[in-house]
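First comes the structure, then the notes that go with it.
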Amino acid sequence: MKIECDNQRGQAELKLNPNPTILYARRANVFIKLKKPNATIRDVDAALNVNLESEKGYKVRGMAWSMLGLCKYAASDLRVASIIDSDEEIAKILIKVEPNACKIEEHCQKYQQLQEEDRSRD
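Under my numbering, think of the first position of the sequence shown as 215, with each following residue one higher.
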């Protein structure tokens with residue numbers, strides 16, 4: 215109930231001032247707690263359009279990608295967040311996400327190599 219109240223307050227704040235990065239990041243954090251990753255990603259994208267150096271934005275969006283099972287995107291955003299500002303929570307999530315992201319990247323590279331070999335044969 216408190217989280218829903220925070221979300222309503224955040225929406226009211228955004229109507230008054232639609233550009234601030236911190237408000238989008240806060241509301242995205244509330245959406246994470248509500249387990250709404252798509253809404254989180256939408257808000258973080260809006261926040262990052264205003265300020266590309268928002269560590270909290272990359273962190274929260276990485277968490278949302280992780281909730282959706284998109285490890286490659288999650289790892290990418292979490293790496294950027296850890297470069298901007300090192301955080302223990304980011305490191306914990308990155309440890310969980312990075313092995314799967316590496317497997318996916320290796321698979322994509324192998325697939326590209328196979329496609330290139332097929333093209334060179336033709």
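No residue lacks a Cβ here, since even glycine has one placed at the ideal position from N, Cα and C.
Reduced DSSP category for residue i - H, G, I as helix; E, B as strand; rest coil
i: G276; result: helix
i: L248; result: coil
i: G271; result: helix
i: N263; result: helix
Outcome for residue i when other beta-carbon atoms lying within 10 angstroms are tallied against a minimum of 16
i: C285; result: buried
i: I304; result: buried
i: K310; result: exposed
i: R241; result: buried
i: G283; result: exposed
i: S280; result: buried
First and last residue of the uninterrupted alpha helix (DSSP H) at residue i
i: N314; result: 302-335
i: D291; result: 285-298
**Request:** Take every Cβ of the stretch 254-263, pair it with every Cβ of the stretch 235-245, and state whether three or more of those distances are shorter than 8 angstroms.
**Result:** yes
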